[in-house]
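Before any comments, here is the structure.
Protein chains in written order, with this note's numbering: chain A, 7 to 353; chain B, 365 to 624.
Written as structure tokens, this is what we have:
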């Protein structure tokens, strides 16, 4: 199913949570909505599900206008953050729910439903749990049951809200790989929401970075990592050091900064900001440099430095301990800064 | 030492205030023997009072349950202006003496009341008849189910309902298969409390029923009338029926508290 979203707007009272979302998801694609809390990603997911309604905009799936379709009729599989399993039903009944509530004419027979549930229990690798109640399951098992319940109705689109949010790290990693396998086996168009970059990039074909109700960038891991489209994405992807610079003729300059390895093609001349990751910022010993090493802490493999200038501004820098530049760095040493890779945005 | 003293004190207090009076009811009722007790219970006026009380409970409790589910659902799933006020209003019967409700109904539906003329013209009996008793009892029992179900519904949120909707459930299937099973114990608990209250209500009912023997007399009113007649054995016999209902409620309540 191809999902086409255009100019979607949504406000809760005075707060705008979606400010013009345009997004197309291709048939069979696995897409992550990535962003901090309050970015609007969950609201967007709920609108696609029919659990919330936009103030303006369009949502078309395979050319059909879904905003005229109630949630019941969209046949989506929605997996909730806390799974929302029915506590009074066994795992089998939970998974079968979507089939048993169908109108009599479309409802599969009892034996057929049982067969389908068996098949899903096997597919999800939880054959032994069919008779248990949700309260008797671990977090990872609940997650699988929730997914099984959603898959039972053979959904047109699978939507997952922070699917691994409530799990511990080891289970998360396992389930992530497993979910990718489930997706590849079923080929269902899938959208999931997360605030975890690693999760988004490892799992998804494409990642949609959102902030403050807008899509900031759409792309794969390398694109978003190396060429962030906005200052927000740069910062969100870890380029947390922002230095004021000046652009002239496509090259970047600032006092005390050796920006020879940074290019800013096509950027207008004038003031700009340079975003760099602490690990891409190399302090180079320089008696005439305006920065001094304020503190150094040694984690064994890494040196964590804090550098300060005369105005009191401080920036962090992470350096491999065996890096050539690490020799001769001690508290009080004077340095200039050399960003190895950075993004530059006009102010 | 202090512990033993406190436990002893609790036991003695409970005995004096609860157990002794309860036992005394049965001692008095059975004092003249089983046959006298049976005759007192089987007295037509006593049987009628038992019937009236049962009838009132059978009408009132389902209405309270239906109202409770509806109100709790409305209050937990929607945010709207006046929501807080509505909660306060629903809980008002807890803090108002039932006598005041009785008097209000008397003034509203009585001969001289706002609606009295209308009712008289259409030959409708509210006061000193079943409808009045039912209405006052309803007033008194309204909060019980809401109070039990609302916090539970609020704690559960709407995720399960939303999940059911995305799976294609209709409104009725949603209620029948997801909402109701989730609240069933709290609901039953509230219904048990409401039943106890409906059966035992005295003050408000005393005002609107007129205590007409064989017509509008409920069991608590009947106990008092018999007592005023100096028919102590009859009064105590009727009181044992109320007591036994109370004991059944107590057991039901304890069982439900465990399941909840």
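Cβ coordinates follow ideal geometry from the N, Cα and C atoms, glycine included.
Looking at the C-beta of residue i, does it have a partner C-beta in chain A at a distance below 8 Å?
i, result
"residue 526(B)", "yes"
"residue 545(B)", "yes"
"residue 607(B)", "no"
"residue 531(B)", "yes"
"residue 489(B)", "no"
"residue 523(B)", "yes"
"residue 542(B)", "yes"
"residue 518(B)", "no"
"residue 443(B)", "no"
"residue 392(B)", "no"
"residue 534(B)", "yes"
"residue 476(B)", "no"
Look at residue i and residue j and say whether their C-beta atoms are less than 8 Å apart.
i, j, result
"residue 572(B)", "residue 414(B)", "no"
"residue 227(A)", "residue 286(A)", "no"
"residue 213(A)", "residue 323(A)", "no"
"residue 469(B)", "residue 420(B)", "no"
"residue 345(A)", "residue 282(A)", "yes"
"residue 417(B)", "residue 583(B)", "yes"
"residue 299(A)", "residue 338(A)", "yes"
"residue 529(B)", "residue 78(A)", "yes"
"residue 83(A)", "residue 15(A)", "no"
"residue 42(A)", "residue 201(A)", "yes"
"residue 602(B)", "residue 587(B)", "yes"
"residue 279(A)", "residue 321(A)", "no"
"residue 290(A)", "residue 264(A)", "yes"
"residue 239(A)", "residue 166(A)", "no"
"residue 40(A)", "residue 215(A)", "yes"
"residue 91(A)", "residue 152(A)", "yes"
"residue 309(A)", "residue 294(A)", "no"
Can you confirm whether residue i, when its beta carbon is compared against all beta carbons of chain B, has any partner nearer than 8 Å?
i, result
"residue 108(A)", "yes"
"residue 281(A)", "no"
"residue 88(A)", "yes"
"residue 101(A)", "no"
"residue 19(A)", "no"
"residue 155(A)", "yes"
"residue 82(A)", "yes"
"residue 78(A)", "yes"
"residue 104(A)", "yes"
"residue 159(A)", "yes"
"residue 120(A)", "no"
"residue 126(A)", "no"
"residue 198(A)", "no"
"residue 111(A)", "no"
"residue 39(A)", "no"
"residue 55(A)", "yes"
Decide if residue i is buried, meaning its Cβ has at least 16 other Cβ atoms within 10 Å, or exposed.
i, result
"residue 125(A)", "exposed"
"residue 243(A)", "buried"
"residue 317(A)", "exposed"
"residue 45(A)", "buried"
"residue 614(B)", "exposed"
"residue 622(B)", "exposed"
"residue 502(B)", "buried"
"residue 370(B)", "exposed"
"residue 375(B)", "exposed"
"residue 444(B)", "exposed"
"residue 72(A)", "buried"
"residue 274(A)", "exposed"
"residue 204(A)", "exposed"
"residue 410(B)", "buried"
With respect to 7 Å, is the separation between the Cβ of residue i and the closest non-hydrogen atom of the ligand FMN below this value?
i, result
"residue 465(B)", "No copy of the ligand FMN occurs in the structure displayed, which carries no ligand at all."
For a cutoff of 8 Å on Cβ pairs, would you count residue i as touching chain C?
i, result
"residue 124(A)", "Although the question refers to chain C, the structure presented lacks it and instead comprises the protein chains A and B."
- Are three or more beta carbon pairs between the region 180 to 196 of chain A and the region 89 to 106 of chain A nearer than 8 Å? no
- Message: Taking contact to mean 3 or more Cβ pairs, one atom from each stretch, closer than 8 Å, check whether the region 127 to 135 of chain A and the region 160 to 169 of chain A are in contact.
- Response: Contact between the region 127 to 135 of chain A and the region 160 to 169 of chain A is absent, because fewer than three Cβ pairs lie under 8 Å.
- Query: Counting pairs of Cβ atoms below 8 Å between the region 552 to 565 of chain B and the region 387 to 394 of chain B, do you hit three or more?
  - Reply: no
- Task: Answer yes if the region 105 to 119 of chain A comes into contact with the region 136 to 149 of chain A, meaning at least three C-beta pairs across the two stretches below 8 Å, and no otherwise.
- Result: no
- Query: How do the region 464 to 483 of chain B and the region 567 to 584 of chain B stand: do at least 3 beta-carbon pairs fall below 8 Å, yes or no?
  - Reply: Yes, since at least three Cβ pairs between the region 464 to 483 of chain B and the region 567 to 584 of chain B fall closer than 8 Å, the two stretches touch.
- Message: When you compare the region 426 to 434 of chain B with the region 483 to 493 of chain B, are there three or more beta-carbon pairs, one atom per stretch, that lie closer than 8 Å?
- Response: no
- With contact counted as at least three CB pairs below 8 Å, one residue from each stretch, are the region 185 to 205 of chain A and the region 24 to 41 of chain A in contact? yes
- Message: Which runs of the alpha helix (DSSP H) at least 4 residues long sit entirely within the region 163 to 234 of chain A? Give them in chain order.
- Response: 175 to 192, 203 to 209, 227 to 232
- Item | Any 3 or more C-beta pairs closer than 8 Å across the region 513 to 526 of chain B and the region 434 to 453 of chain B | A contact exists between the region 513 to 526 of chain B and the region 434 to 453 of chain B.
- Please list the segments of the alpha helix (DSSP H) lying wholly inside the region 297 to 350 of chain A, counting only runs of 4 or more residues, in order along the chain. none
- Do the region 168 to 176 of chain A and the region 139 to 152 of chain A touch if we need at least three Cβ pairs shorter than 8 Å? yes
- Query: Taking only runs of the alpha helix (DSSP H) that begin and end inside the region 108 to 141 of chain A, which ones reach a length of at least 4 residues, in chain order?
  - Reply: DSSP runs (the alpha helix (DSSP H)) wholly in the region 108 to 141 of chain A: 116 to 129.
- Query: For the region 507 to 545 of chain B, which segments carrying the alpha helix (DSSP H) assignment without a break, of at least 4 residues, lie completely within its bounds, in sequence order?
  - Reply: Along the length of the region 507 to 545 of chain B, whole alpha helix (DSSP H) runs at least 4 residues long occupy 523 to 530, 535 to 538, reported in chain order.
- Item | Ranges of the beta strand (DSSP E) found wholly within the region 232 to 271 of chain A, counting only runs of at least 3 | 247 to 254, 257 to 259
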